[in-house]
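**Q**
In UniProt numbering, the protein residues as written are 1 to 198.
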């Protein structure tokens, strides 16, 4: 099996996870599934359970909500395929860690890069980029297939609150960085995978 990094992007309910799982099944028997979602409410817990039901029983699962690159060291073992679902929630976890929501006030028309908010945004960006760079290092060291799922959140309306805008921007930057390193990139639209790189 050759080494490869596959990035799968798309909107909500576009078929990203299903396609990622089909791809993982096709490419290897020993699959490590890395779940980043946290069951913070009933609806999210229900989604997580739905995703668990979709996965083959013989897949190994790790639940990691941050520092994925670090925490995967020594955990990959003999996995032929590592499937991380998803970067979207990983970035969300960073922005809301320890209940922190520093940019949640509605826009006042002031420059969002100034004062405490500017510092908080800068710190959040550093943390997100560090997370992605550590993940890329982990991907580079893996000898098999690595699949990452992420949402493309920049195609809709401009979010009305600052946290939403910061989240959209940071996830967009993270996706770009991963796409630069990926061997293949797919964009999902209505359950149909469209190959855009590789």
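Glycine included, each C-beta is placed from N, C-alpha and C at the ideal position.
1. Could you tell me how far apart the beta carbons of residue 8 and residue 188 are, in whole angstroms, since I believe they sit closer than 8 Å?
2. What residue range is occupied by the uninterrupted beta strand (DSSP E) comprising residue 60?
3. Could you check the C-alpha separation between residue 169 and residue 132 for me, to the nearest Å?
4. DSSP three-state call for residue 15: helix, strand or coil?
5. Any chance you could list the beta strand (DSSP E) runs of at least 3 consecutive residues sitting entirely within the region 23-85, in chain order?
6. Hey, is the region 12-21 in contact with the region 51-62, meaning 3+ C-beta pairs nearer than 8 Å?
7. Spell out whether any CB of chain D is found under 8 Å from the CB atom of residue 81.
8. Buried or exposed: where does residue 150 fall if 16 or more other Cβ atoms within 10 Å of its Cβ makes it buried?
9. To which residues of the same chain is residue 155 closer than 8 Å at the C-beta, ignoring the five residues directly before and after it?
10. Could you check the C-alpha separation between residue 138 and residue 173 for me, to the nearest Å?
11. Does the Cβ of residue 123 have 16 or more other Cβ atoms within 10 Å, making it buried, or fewer, making it exposed?
12. Comparing alpha-carbon positions, which option in 27, 164 and 152 lies nearest residue 81?
13. Given this structure, state the Cα-to-Cα distance separating residue 55 from residue 13, to the nearest angstrom.
14. Output yes or no for whether 8 Å exceeds the beta carbon distance between residue 3 and residue 144.
15. For residue 167 versus residue 95, is the C-beta distance shorter than 8 Å?
**A** On the basis of the supplied data:
1. The sequence position of residue 8 within the chain shown is 8, counting from 1. The sequence position of residue 188 within the chain shown is 188, counting from 1. Their Cβ separation, rounded to whole angstroms, is 7 Å, which keeps residue 8 and residue 188 in contact under 8 Å.
2. Locating residue 60 in the chain shown gives position 60, where the first residue counts as 1. That run of the beta strand (DSSP E) goes 60-63.
3. Position 169 of the chain shown, counting from 1, holds the residue named residue 169. Position 132 of the chain shown, counting from 1, holds the residue named residue 132. So the two alpha carbons sit approximately 14 Å from each other.
4. Position 15 of the chain shown, counted from the first residue, corresponds to residue 15. Note: residue 15 maps to coil in three-state DSSP.
5. 31-35, 60-63 and 81-85
6. yes
7. No chain D is part of this structure, which consists of one protein chain only.
8. Your numbering for residue 150 matches position 150 in the chain shown. Buried.
9. Walking along the chain shown from the start, residue 155 turns up at place 155. Taken in chain order, the residues that qualify are 11.
10. If you number the chain shown from 1, residue 138 lands on position 138. If you number the chain shown from 1, residue 173 lands on position 173. Those two C-alpha atoms are separated by around 19 Å.
11. Position 123 of the chain shown, counting from 1, holds the residue named residue 123. Exposed, by the Cβ-count rule.
12. Locating residue 81 in the chain shown gives position 81, where the first residue counts as 1. Measuring from the Cα of residue 81, the nearest candidate turns out to be 27.
13. The residue given as residue 55 occupies position 55 in the chain shown. The residue given as residue 13 occupies position 13 in the chain shown. Approximately 17 Å, taken between the alpha carbons.
14. Translated into positions along the chain shown, residue 3 becomes position 3. Translated into positions along the chain shown, residue 144 becomes position 144. In this structure, residue 144 lies closer than 8 Å to residue 3 by Cβ.
15. To locate residue 167, count along the chain shown from 1; it is residue 167. To locate residue 95, count along the chain shown from 1; it is residue 95. It is a contact, given that the beta carbons lie within the stated cut-off.
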